[in-house]
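In the working numbering, the protein residues as written are 1 to 100.
Here you go:
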């Protein structure tokens, strides 16, 4: 992310989360999936606050082969894909996920 000075900086927690495939921009933040925690979860990095916050936990790990994650424009829904046995499922969870 470029700062007003033009120099980039790393987003804390993101590199350790191995979130290269699972991330999306929504509102004032970068939402990302972290599979390396005890409980896989969704986190958000706030661009204005410059901090990472836990949003929710997932009941299982999400598949690496089909990464997809989206926050609705109003911040009220999260959509992601997951695989159950050999079938894919598109999941939707109600929020709100964006701060007001």
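All C-beta atoms, glycine included, are put in the ideal place defined by N, C-alpha and C.
Please read these numbers as outputs of a predicted model, since none were measured by experiment.
Exposure of residue i, with buried meaning 16 or more beta-carbon neighbours within 10 Å
{"i": "residue 57", "result": "exposed"}
{"i": "residue 34", "result": "buried"}
{"i": "residue 103", "result": "Because the chain in this structure spans residues 1 to 100, residue 103 falls outside the shown range and cannot be described."}
{"i": "residue 101", "result": "Shown here, the chain extends from 1 to 100; a query on residue 101 therefore has no answer."}
{"i": "residue 101", "result": "A question about residue 101 goes unanswered here, because the residues of the chain that appear run from 1 up to 100."}
Cα-Cα separation between residue i and residue j, rounded to whole angstroms
{"i": "residue 27", "j": "residue 11", "result": "17 Å"}
{"i": "residue 36", "j": "residue 59", "result": "14 Å"}
{"i": "residue 100", "j": "residue 51", "result": "Interpretation of residue 100 is limited by its pLDDT of 45, a score under 50 that renders its predicted location unreliable; no figure is taken from the coordinates."}
{"i": "residue 77", "j": "residue 9", "result": "29 Å"}
{"i": "residue 53", "j": "residue 42", "result": "9 Å"}
{"i": "residue 94", "j": "residue 14", "result": "24 Å"}
{"i": "residue 23", "j": "residue 49", "result": "18 Å"}
Coarse secondary structure for residue i, derived from DSSP in three states
{"i": "residue 63", "result": "coil"}
{"i": "residue 71", "result": "strand"}
{"i": "residue 102", "result": "The structure shown does not extend to residue 102, since the chain is modelled only from 1 to 100, so the question has no answer here."}
{"i": "residue 49", "result": "coil"}
Nearest to residue i (by Cα), restricted to the options the options
{"i": "residue 21", "options": "62, 53, 74, 47", "result": "62"}
Residue i beta carbon near the ligand NAP (any heavy atom closer than 7 Å)
{"i": "residue 24", "result": "No copy of the ligand NAP appears in this structure; indeed no ligand is present at all."}
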